[in-house]
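Novice: Here it is: the structure, laid out below.
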Amino acid sequence: MITTADTTTARPKISFEGIVKDYRGFRAVDRVSVAVQAGELVALLGPSGCGKTTTLRMAAGFIEPTEGKIMIDGRDVTRLPPYKRDTGMVFQSYALFPHLTVGGNMLFGLKRRGVAREEAERRVRELAAMLKLDHLLDRLPKQLSGGQQQRVAVGRALVINPAVLLLDEPFSNLDAQLRESTRVELRRIQQELGITALFVTHDQSEAMAIADRVAVMDAGRLAQIDTPERLYARPATRFVANFIGRANLIDAKAAGATGRDGLTVMRGPGELKFALASDTPAEGAVVLRPEAIRIDREPTGAEFNTAEATVKSVSFLGSAAHLALEFAGDVTITAEIRGSEAASYPQGAKVWASWDASALSCVIN
Amino acid sequence: MSLVSWRSPFGFALSLVAVLVIAYIIGPLIVIVGSSVGGAGYLSFPPEGFSLQWYSKLIREPLYLNGFLTSLRIASTVTLLSLLIGIPAAYALAYRGFRGASTLVSIFLSPLMLPSLVLAVALTIFFSHWPLTTGNNRLVLAHLIICIPCVLRVTIPAFQRLDPALEEAALNLGATPLKAFLLVTLPVVKSGFAAAGALAFIMSFDEFDMALFLSDPAQMPLTVVLYTKAQLAFDPTLAAAASSLILMMLVLMILVQIVRMLRG
Amino acid sequence: MKKAGPIILMVAPVAIILIGLFLMPQFYLFRQSISLPPPVGIDTYLQFFSERFYLDMLGRTFLVAGLVTLICILCGFPLALWLARIETRFVPLLLLITTFPLLVSAVVRSFAWMVLFFRNGLLSQTMAATGLVSPGFQFMGTTAGVVIALGQVMLPLMIITLYSVLRTIDRDLENAAMNLGASPWSTTWLVIVPQMKGGILAGSLLVFSLSVGAFATPSLIGGSRVNMMAIGIQEQALELFDWPFAAAMAMILLAAALIIAVVYGRIISEQSHEPR
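Taken in order, these protein sequences are the chains called A, B and C. For the first sequence, the numbering used here gives the first residue as 156, with consecutive numbering after it. For the second sequence, the numbering used here gives the first residue as 80, with consecutive numbering after it. For the third sequence, the numbering used here gives the first residue as 0, with consecutive numbering after it.
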């Protein structure tokens, strides 16, 4: 896997430089800059209407940006028509040509590139074997299952060996079980072939599961781009904190530092006092993940990062349970505990909640 | 329980009415085919005896055959022209970025809403001022006015149903816009073209009002021949001719259905 | 990728043909109709609207079209409902049978009715035998005959219209009504019919406007004994060669059809905008 550290110097495979897309009075994409390194899989993640699909379609050349530049392999492709760009796209609807067989679909791009018949067929057979499609080459798309159609769409885009593979919600038409196995499979092939890929999704767990880096988009802007782990641990904005996983956001103000540890202190409502390891703004919201909260019957005695609460409600989810904890100052925080422990904390119980300083981060309001 | 279940009095009554209405719709056609194979010297239903005498007379009557061939010629020309003119327009009108397309479409479809007899009178007067062409070519032009809208009505939805991602996929794989249209769009919507062509052909072939006014009296289309004959005398040969037409359309329809089923 | 230029180029031939062969002829039709007395006058229209005979003709044309529309609603709705709701694999076949007559020319279909309508035809004989009509009665040359035959010619169009609307109605609405205790009769009347209003109106206007201008069927079944506009126009033009008067009558028919077409267009666009 390629880490972010050793790619900063290499030339990106595809990069967006200050991309803007305006539609009559509406800015769909606002100054987005993203660079994807060779062999990297980057997910564009965000709710519908955030501009992620527009960004992807600008990479393919279906939409022309209002401002900014798109570079592929160091070449400016911003004004190039789609058929002169070296991208392979997997469409949400797959867009398999219904009148062509699986083989015909996969050969389509190679023919346009003038690849010799024998060479083209050899490449189709090779890739088809890798995608477990070799026995389906003579079938028409409508004779295939949804999962098979999806693999054909991926195969058709990959067989031309594009500089960048573009995927537009490629798993959204599959049922939940198939979705998980298919994305693992796609990730395996992408890594095996060392393909650079840009992948659009609204499903944060999907993005986290297979992407090297995730670019979170919000209202046309790039909110944050980082590895899944860092996005989760150190969200940059309220939006990212809420969109990636579950988060409690508690408004707080800076209140000096702790003595020995040198941690920053932030005061929340009521008795809540947070001690954070990271830099903090004067005013913001503390991000506290539900699973970072420990519950005890007795006070821990510490000054910071602990408080007394009342269990307002319990939702049992099987392996886990969610407790809604009410703190003084009318703050409610969700805590996640093991499902087996749910019975120990009935509704109305008085408990002590505590968390580690390292589990906290802070976002500006 | 379904609304139309046989067991409820309502369902029973509805089924009964439905069967009677189907009989009303299809009955006359059965009657004419039945009476055409009668053995008597006049038209009757139910037929008295069985004989193909009227069919053998029909074949020996050049008027019908000529009419049939004339209609075939006119309808084929009209179909070809309607498709050539209508399909590019339909493609443009179905394009999503074309503002005002829906207004244009309703204007283009308006000839289908007006009585063809009025169009026939108008065109006869028009051609007397502007003799653009002569003979049955006038009828071909007249039929274009109703057959092009027909082609538009069938092919615009066919183009609209087309997943725009298909053309984009072709472009993405390196096809130029022209190649994308020829290699992907056309093959995918060609069944729509076939339907449009069939409809245009049948419309022209079956059309009578304009044919009566505009056709060449020396080269009458079949519908005009049948009409003239039906007014003059009640000739059983006419029943044989009408039945032949009905059976021809039936065979055509069955063929279309078989092709459809084979395609899945 | 697609620019205005090619779009105009692709649409232009249709526009040219429709302007040249559809709008221009209508202009010449109008010009011809106001050519009496020369150079310009409206004698033709004055004559039409002052003579009882022609007013009757207009009235009878609307009467026939109205009755045909009524037949199409009364026969078309039950059949369309039945076709849309029965559960059998023969529905496609039944639909084909129902719409097949559309493939056959109106001339041929009218001829089929002539066989039934003549004095010795099956229908006339059956009706005479049951005592409904006096022996020797025939439908040929009667308004009733024209209505019956034209109804059969138009019915498939009504059924197609109603069937396609019925298929879009959520069947759970009926199931909900019956679950709440409504009988099939009241379910149809209270739940289905109200949702079908637009469809019935659209189908009716279609049938009505086509019936107003229909020529082949009225001419073959009714002939000159049934006083209808289309027959009158054809007689004036092709038998009496009074083209100005034929043109004026055609203009009046055109005006009627145009009004119906505009109303039809309104209803169709309202239907498509209406959230269901």
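Beta carbons are placed, not taken as given, at the ideal position from N, Cα and C, and that holds for glycine. Bear in mind that the values here come from a model prediction, so they are computed numbers and not experimental data.
Tell me, please, whether the CB atom of T302 of chain B is closer than 8 Å to any CB atom in chain C?
Specialist: On the second sequence, residue 302 of chain B is found 223 positions in, with the first residue counted as 1. Cβ-Cβ to chain C under 8 Å: yes for T302 of chain B.
Novice: In the structure shown, what three-state DSSP assignment does Y249 of chain A receive?
Specialist: In the first sequence, counting from the first residue as 1, residue 249 of chain A sits at position 94. Residue state, collapsed to three classes: coil.
Novice: Do A198 of chain A and T242 of chain A have their CB atoms nearer than 8 Å?
Specialist: Residue numbering aside, residue 198 of chain A sits at position 43 when the first sequence is read from its first letter. Residue numbering aside, residue 242 of chain A sits at position 87 when the first sequence is read from its first letter. Going by C-beta atoms, A198 of chain A is not nearer than 8 Å to T242 of chain A.
Novice: Please determine, among C:L165, C:G58, C:I230 and C:V190, the residue with the shortest C-alpha to C-alpha distance to A176 of chain C.
Specialist: Residue mapping note: residue 176 of chain C aligns to position 177 of the third sequence, counting from 1. That would be C:V190, whose Cα lies nearest to the Cα of A176 of chain C.
Novice: Going by DSSP, what residues sit across from C517 of chain A in a beta bridge?
Specialist: In the first sequence, the residue the question calls residue 517 of chain A occupies position 362. A:V441.
Novice: Taking a Cβ distance cut-off of 9 Å, strictly less, list which residues of the stretch 203–215 of chain A are near chain B, in chain order.
Specialist: Those would be R212 and A215, in chain order.
Novice: Classify E173 of chain C as buried or exposed, calling it buried when 16 or more other Cβ atoms lie within 10 Å of its own Cβ.
Specialist: Taking the first residue of the third sequence as position 1, residue 173 of chain C is located at position 174. It counts as buried.
Novice: Spell out whether any CB of chain B is found under 8 Å from the CB atom of D161 of chain A.
Specialist: Your numbering for residue 161 of chain A matches position 6 in the first sequence. Per-residue confidence for D161 of chain A stands at a pLDDT of 47, beneath the threshold of 50, marking its modelled position as unreliable; the derived number appears in the next sentence. For D161 of chain A, the answer is no, since every Cβ of chain B falls outside 8 Å of its Cβ.
Novice: Tell me, please, which residues DSSP counts as bridged to N403 of chain A.
Specialist: Stepping through the first sequence from its first residue, residue 403 of chain A is reached at position 248. According to DSSP, N403 of chain A bridges with A:L443.
Novice: Quick one: using the 10 Å Cβ neighbour count with 16 as the cut-off for buried, is F181 of chain A buried or exposed?
Specialist: Residue mapping note: residue 181 of chain A aligns to position 26 of the first sequence, counting from 1. It is exposed - the Cβ of F181 of chain A has fewer than 16 other Cβ atoms within 10 Å.
Novice: In this structure, does DSSP put D228 of chain A in helix, strand or coil?
Specialist: The residue labelled residue 228 of chain A in the question sits at position 73 within the first sequence. Correct three-state label for D228 of chain A: coil.
Novice: How would you write the range of the alpha helix (DSSP H) that M305 of chain A sits in, first residue to last?
Specialist: On the first sequence, position 150 is the one that residue 305 of chain A refers to. A small correction: the amino acid at residue 305 of chain A is Gln; Met does not occupy that position in the sequence shown. From DSSP, the alpha helix (DSSP H) with Q305 of chain A extends over G301 to L313.
Novice: Taking only beta-carbon atoms, is G165 of chain B less than 8 Å away from chain A?
Specialist: Numbered from its first residue, the second sequence carries residue 165 of chain B at position 86. No, its Cβ sits nowhere closer than 8 Å to a Cβ of chain A.
Novice: Between which two residues does the alpha helix (DSSP H) holding Y306 of chain B run?
Specialist: Translated into positions along the second sequence, residue 306 of chain B becomes position 227. Its alpha helix (DSSP H) spans residues L301 to L311.
Novice: Nearest by alpha-carbon distance to A171 of chain B: which of B:L160, B:S161 and B:L183 is it?
Specialist: Your numbering for residue 171 of chain B matches position 92 in the second sequence. Comparing Cα-Cα distances from A171 of chain B to each of B:L160, B:S161 and B:L183, the minimum goes to B:L183.
Novice: On the criterion of 16 or more Cβ atoms from any shown chain inside 10 Å, does M546 of chain A qualify as buried, or is it exposed?
Specialist: An answer regarding residue 546 of chain A cannot be provided, because it is not within the stretch 156 to 520 covered by chain A.
Novice: Compare the C-beta of S294 of chain B with all C-beta atoms of chain C and state if any pair is closer than 8 Å.
Specialist: Counting from 1 along the second sequence, the entry for residue 294 of chain B is found at position 215. Closer than 8 Å: no.
Novice: Spell out whether any CB of chain C is found under 8 Å from the CB atom of M340 of chain B.
Specialist: Position 261 of the second sequence, counted from the first residue, corresponds to residue 340 of chain B. No, because no Cβ of chain C sits closer than 8 Å to the Cβ of M340 of chain B.
Novice: Please decide whether F263 of chain A counts as near chain B, where near means a Cβ-Cβ distance under 8 Å.
Specialist: In the first sequence, residue 263 of chain A corresponds to position 108, counting from 1. It does; some Cβ of chain B falls within 8 Å.
Novice: Report, in whole angstroms, the separation of the C-beta atoms of C517 of chain A and V442 of chain A, which I expect to be a contact under 8 Å.
Specialist: As a working mapping, residue 517 of chain A is identified with position 362 in the first sequence. As a working mapping, residue 442 of chain A is identified with position 287 in the first sequence. Contact flag correct, Cβ pair sits at about 7 Å.
Novice: Would you call the CB atoms of P183 of chain C and F91 of chain B closer than 8 Å?
Specialist: Taking the third sequence and counting its residues from 1, one reaches residue 183 of chain C at position 184. Taking the second sequence and counting its residues from 1, one reaches residue 91 of chain B at position 12. Against a cut-off of 8 Å, the Cβ pair of F91 of chain B and P183 of chain C comes out as no contact.
Novice: Where D161 of chain A and L431 of chain A are concerned, what is the direct C-alpha to C-alpha distance, given to the nearest angstrom?
Specialist: To locate residue 161 of chain A, count along the first sequence from 1; it is residue 6. To locate residue 431 of chain A, count along the first sequence from 1; it is residue 276. Since pLDDT at D161 of chain A reaches only 47, below the 50 mark, its modelled position is unreliable, and the value read off the structure follows with that caveat. Approximately 30 Å, taken between the alpha carbons.
Novice: Can you tell me which residues form a DSSP beta bridge with V112 of chain B?
Specialist: For the purposes of this step, residue 112 of chain B is taken as the residue at position 33 of the second sequence. Paired residue(s): none; V112 of chain B is not in a bridge.
Novice: Got a sec? Which residues, its chain only, sit under 8 Å from F263 of chain A by beta carbon, not counting five neighbours each side?
Specialist: The count along the first sequence starts at 1 and reaches residue 263 of chain A at position 108. Answer for F263 of chain A: F252, L255 and R311, listed in chain order.
Novice: Bridge partners of W507 of chain A, per DSSP?
Specialist: Position 352 of the first sequence, counted from the first residue, corresponds to residue 507 of chain A. Paired residues: A:D451 and A:E463.
Novice: Buried or exposed: which applies to G40 of chain C, given that a residue is buried once 16 or more other Cβ atoms fall within 10 Å of its Cβ?
Specialist: For this step, residue 40 of chain C is matched to residue 41 along the third sequence. So G40 of chain C ends up on the exposed side.
Novice: Could you tell me whether the Cβ of I337 of chain B comes closer than 8 Å to any Cβ of chain C?
Specialist: Counting from 1 along the second sequence, the entry for residue 337 of chain B is found at position 258. With 8 Å as the cut-off, I337 of chain B does not count as an interface residue toward chain C.
Novice: Report the three-state DSSP secondary structure of L321 of chain A (helix, strand or coil).
Specialist: Numbered from its first residue, the first sequence carries residue 321 of chain A at position 166. L321 of chain A falls in the strand class under three-state DSSP.
Novice: Are the C-beta atoms of L261 of chain B and some chain A residue less than 8 Å apart?
Specialist: Position 182 of the second sequence, counted from the start, is the residue given in the question as residue 261 of chain B. Answer no: the Cβ-Cβ gap between L261 of chain B and chain A never drops below 8 Å.
Novice: Whole-angstrom Cβ separation of L278 of chain B and V233 of chain B, contact assumed at under 8 Å?
Specialist: The residue given as residue 278 of chain B occupies position 199 in the second sequence. The residue given as residue 233 of chain B occupies position 154 in the second sequence. Sure, about 6 Å apart at Cβ, within 8 Å.
Novice: Which residue comes first and which comes last in the beta strand (DSSP E) that contains G173 of chain A?
Specialist: Taking the first sequence and counting its residues from 1, one reaches residue 173 of chain A at position 18. Residues I169 to Y178.
Novice: Among A:A475, A:R422, A:A508 and A:S336, which one has its Cα closest to the Cα of A464 of chain A?
Specialist: As a position in the first sequence, residue 464 of chain A is number 309, starting the count at 1. Out of A:A475, A:R422, A:A508 and A:S336, A:A508 has the C-alpha closest to the C-alpha of A464 of chain A.
Novice: Looking at the structure shown, is F207 of chain C part of a helix, part of a strand, or coil, going by DSSP?
Specialist: One-based indexing of the third sequence puts residue 207 of chain C at position 208. Note: F207 of chain C maps to helix in three-state DSSP.
Novice: By the criterion of Cβ-Cβ separation under 8 Å, what are the contact partners of V13 of chain C in chain B?
Specialist: Residue numbering aside, residue 13 of chain C sits at position 14 when the third sequence is read from its first letter. Result: I164, G165, A168, F187, I227 and L231.
Novice: Using a C-beta to C-beta distance shorter than 9 Å, which residues of chain B count as neighbours of T242 of chain A?
Specialist: The count along the first sequence starts at 1 and reaches residue 242 of chain A at position 87. Near T242 of chain A (Cβ distances below 9 Å), the residues of chain B are N251.
Novice: Do three or more CB pairs link the stretch 104–119 of chain C to the stretch 318–337 of chain B at distances below 8 Å?
Specialist: These segments touch.
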